[in-house]
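Comments concern the structure below.
2 protein chains.
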Amino acid sequence: MEKISETYNATSPEALAASTVSQSVVHQLRRAHGRFMHRFLHHFSAVNLRPAEYSALALIAENPGRKQSEIAATLGIQRANFVSLMNDLEGRCLTERRSVPNDRRSHALYLTASGQNLLSDARRAEADFEAECLERLGGTPAREQFLALLARLFG
Amino acid sequence: MEKISETYNATSPEALAASTVSQSVVHQLRRAHGRFMHRFLHHFSAVNLRPAEYSALALIAENPGRKQSEIAATLGIQRANFVSLMNDLEGRCLTERRSVPNDRRSHALYLTASGQNLLSDARRAEADFEAECLERLGGTPAREQFLALLARLFG
DNA sequence: TATTGTTATACTCTATAACTATA
DNA sequence: TATAGTTATAGAGTATAACAATA
């Protein structure tokens, strides 16, 4: 057994050295995602939408009548994971699945009237969120640059 | 009931309009995180470490003997969630919890010899990952700018 | 009273395999 | 054979409340 008192400094709990960790893209992206989720859910608490649900509503509004798998693929969500998401939206009467002529396998997706109403509220929430991002980034050029760098990294 | 054939175009499945969705920071960050996790786990598959575990090992190596709650706070991980993470690392004999003199509540964290060995391999994996990021971003200035913008947004 | 570690629970997102019905 | 939707399971991350032991 080593003696612990040689290594543990009980009298001066100074700040931890974290330079190696904090300079890694890995660590910064992990922390950023956590804070992103936290802030998003705060802004969207009134409309009760998750990030993926909001994107789905917005995309269906832009492309009514498209197949479930087309919407999922454009969002970058696996078909399998998109099912429960759509079940949730449909259970809240925000979207509906209609049958497609000549292909009884597919479902065409539409927003309901209340889905369009909620999307209006959600767009205001997103505008608030985007405005906060814009302010933190320090202006439109910085925002465009951030999105461009993000696209280079993960586009 | 509306007629579906008026809205569903079965003959020309052109690409979906996604400008509204794709221009939002929300959507881009959601997609980026998914790809980040996928790439990270690919690079770290040999050492079998998750992002949070790698950061924990690196931080403990820089600050041996610190309390569990200090390491967790510096990493931005809740105490409660850090327990199972440390249980996992300790179960693999990569870290150990030692008792602290004058405070029987606390655990001081240390890397074991095999923990230090694995961290060496993990640092090589991270160097590969960071090099890939650097190449995608297009150079050190772009990398620094990306980290700076990320810190403005979520720091 | 406050802190440390712990347990339990729940929520968001993701990946994968396998199944049913239909094309 | 291939596609669309579905189910089930597993894993990564997060937050919160409550508890025992200790300070």
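Residue numbers (full-length UniProt numbering), protein chains in the order written: chain A, 1 to 155; chain B, 1 to 155.
Beta carbons: idealized from backbone N, C-alpha and C, even for Gly.
Here the structure is a predicted model, which is why all the values come from computation and not from measurement.
Review point. Looking at the structure shown, is A18 of chain B part of a helix, part of a strand, or coil, going by DSSP?
Key: Taking the second sequence and counting its residues from 1, the one referred to as residue 18 of chain B is at position 18. Residue state, collapsed to three classes: coil.
Review point. Of the choices A:S45, A:D103, A:A17, A:N87, whose alpha-carbon is the least far from that of E96 of chain A?
Key: By one-based count along the first sequence, residue 96 of chain A stands at place 96. Closest by alpha carbon: A:N87.
Review point. Can you find a CB in chain A that lies within less than 9 angstroms of the CB of A80 of chain B?
Key: By 1-based counting over the second sequence, the position of residue 80 of chain B is 80. By this cut-off, A80 of chain B is not an interface position.
Point to revise | Rounded distance between the beta-carbons of L149 of chain A and R152 of chain B, thought under 8 angstroms | key: In the second sequence, the residue the question calls residue 152 of chain B occupies position 152. In the first sequence, the residue the question calls residue 149 of chain A occupies position 149. A Cβ-Cβ distance of about 12 angstroms is found for the pair R152 of chain B and L149 of chain A, leaving them out of contact under the 8 angstroms criterion.
Review point. If we cut at 9 angstroms on Cβ distances, does T74 of chain B have a partner in chain A?
Key: Along the second sequence, read from residue 1 onward, the residue named residue 74 of chain B stands at position 74. By this cut-off, T74 of chain B is an interface position.
Practice item. For L111 of chain B, write down the residues that DSSP places opposite it in a beta bridge. Key: Here residue 111 of chain B is taken as the residue at index 111 of the second sequence, counted from 1. Here L111 of chain B is bridged, per DSSP, to B:T95.
Practice item. Sort out for me which residues DSSP pairs E100 of chain B with in a bridge. Key: Your numbering for residue 100 of chain B matches position 100 in the second sequence. For the sequence presented, residue 100 of chain B should be read as Val rather than Glu. V100 of chain B is bridged to B:D103.
Review point. Expressed to the nearest angstrom, what Euclidean distance is found between the alpha-carbon atoms of L16 of chain A and T74 of chain B?
Key: Within the first sequence, residue 16 of chain A is the residue found at index 16, counting from 1. Within the second sequence, residue 74 of chain B is the residue found at index 74, counting from 1. So the two alpha carbons sit approximately 8 angstroms from each other.
Review point. From B:V26, B:P51, B:A113, pick the residue whose C-alpha is nearest to that of residue 164 of chain B; which is it?
Key: As shown, chain B starts at 1 and ends at 155. That puts residue 164 of chain B outside it, with no answer to give.
Practice item. With distances taken Cα to Cα, identify the nearest neighbour of T83 of chain A among A:N102, A:S106, A:M37. Key: Residue numbering aside, residue 83 of chain A sits at position 83 when the first sequence is read from its first letter. The sequence as given places Val at residue 83 of chain A; Thr does not occur at that position. Comparing Cα positions, the closest option is A:S106.
Practice item. Pick out whichever of B:Q116, B:M37, B:S99 has its Cα sitting closest to the Cα of R92 of chain B. Key: Counting from one through the second sequence, the residue named residue 92 of chain B turns up at place 92. Considering only alpha carbons, the answer is B:Q116.
Review point. In terms of alpha-carbon separation, which member of B:N48, B:Y110, B:R31, B:A56 lies closest to T20 of chain A?
Key: What you label residue 20 of chain A is simply residue 20 of the first sequence in a count that begins at 1. Closest option to T20 of chain A, Cα to Cα, is B:A56.
Review point. Any beta-carbon of chain B closer than 9 angstroms to the one on G115 of chain A?
Key: The residue given as residue 115 of chain A occupies position 115 in the first sequence. Chain B, which has no Cβ nearer than 9 angstroms to the Cβ of G115 of chain A, makes this no.
Point to revise | CB contact check: R124 of chain B to chain A, cutoff 9 angstroms | key: By one-based count along the second sequence, residue 124 of chain B stands at place 124. No, R124 of chain B lies away from the interface with chain A (no Cβ there is under 9 angstroms from its Cβ).
Check your understanding: Within 9 angstroms (strictly less), CB to CB, does S84 of chain A reach chain B?
Key -> What you label residue 84 of chain A is simply residue 84 of the first sequence in a count that begins at 1. Taking Cβ atoms only, chain B never reaches closer than 9 angstroms to S84 of chain A, which makes this a no.
Review point. In terms of alpha-carbon separation, which member of B:E135, B:L89, B:I71 lies closest to V47 of chain B?
Key: Within the second sequence, numbered from 1, the residue matching residue 47 of chain B stands at position 47. Taking only the C-alpha atoms, the option nearest V47 of chain B is B:L89.
Review point. Counting contacts by CB-CB distance shorter than 9 angstroms, is H27 of chain B in contact with chain A?
Key: Taking the second sequence and counting its residues from 1, one reaches residue 27 of chain B at position 27. Yes, because at least one Cβ of chain A sits closer than 9 angstroms to the Cβ of H27 of chain B.
Check your understanding: Per DSSP, what kind of secondary structure is K3 of chain A in: helix, strand or coil?
Key -> One-based indexing of the first sequence puts residue 3 of chain A at position 3. Because K3 of chain A sits at a pLDDT of 32, beneath the cut-off of 50, its placement in the model cannot be relied upon, and the point is left open.
Point to revise | CB-CB length for R66 of chain B against L109 of chain B, believed under 8 angstroms | key: For the purposes of this step, residue 66 of chain B is identified with residue 66 of the second sequence, where counting begins at 1. For the purposes of this step, residue 109 of chain B is identified with residue 109 of the second sequence, where counting begins at 1. R66 of chain B to L109 of chain B, Cβ: 6 angstroms. Contact.
Exercise for review: State yes or no: is the beta carbon of E90 of chain B nearer than 9 angstroms to at least one beta carbon in chain A?
Suggested key: On the second sequence, position 90 is the one that residue 90 of chain B refers to. By this cut-off, E90 of chain B is not an interface position.
Check your understanding: For S24 of chain A, does the count of other Cβ atoms within 10 angstroms reach 16, so buried, or fall short, so exposed?
Key -> As a working note, residue 24 of chain A is residue 24 in the first sequence. Burial call: buried.
Exercise for review: Kindly say whether G138 of chain B, judged by its beta-carbon, lies nearer than 9 angstroms to any beta-carbon of chain A.
Suggested key: Here residue 138 of chain B refers to the residue found at position 138 of the second sequence. Taking Cβ atoms only, chain A reaches closer than 9 angstroms to G138 of chain B, which makes this a yes.
Review point. Just the Cα atoms here: how many angstroms apart are C133 of chain A and P141 of chain A?
Key: The residue you call residue 133 of chain A lines up with position 133 of the first sequence. The residue you call residue 141 of chain A lines up with position 141 of the first sequence. Those two C-alpha atoms are separated by around 12 angstroms.
Check your understanding: In terms of alpha-carbon separation, which member of B:E135, B:Y54, B:S120, B:L111 lies closest to L41 of chain B?
Key -> Along the second sequence, one-based indexing puts residue 41 of chain B at 41. Nearest C-alpha to L41 of chain B: B:Y54.
**Study point:** Residue interval of the alpha helix (DSSP H) (run including L49 of chain B)
**Key:** Position 49 of the second sequence holds residue 49 of chain B. Per DSSP, L49 of chain B lies in no alpha helix (DSSP H) and is assigned neither H nor E.
Point to revise | Own chain partners of S120 of chain A with C-beta closer than 7 angstroms, once the 5 adjacent residues on each side are dropped | key: Indexing the first sequence from 1 puts residue 120 of chain A at position 120. There are no such residues.
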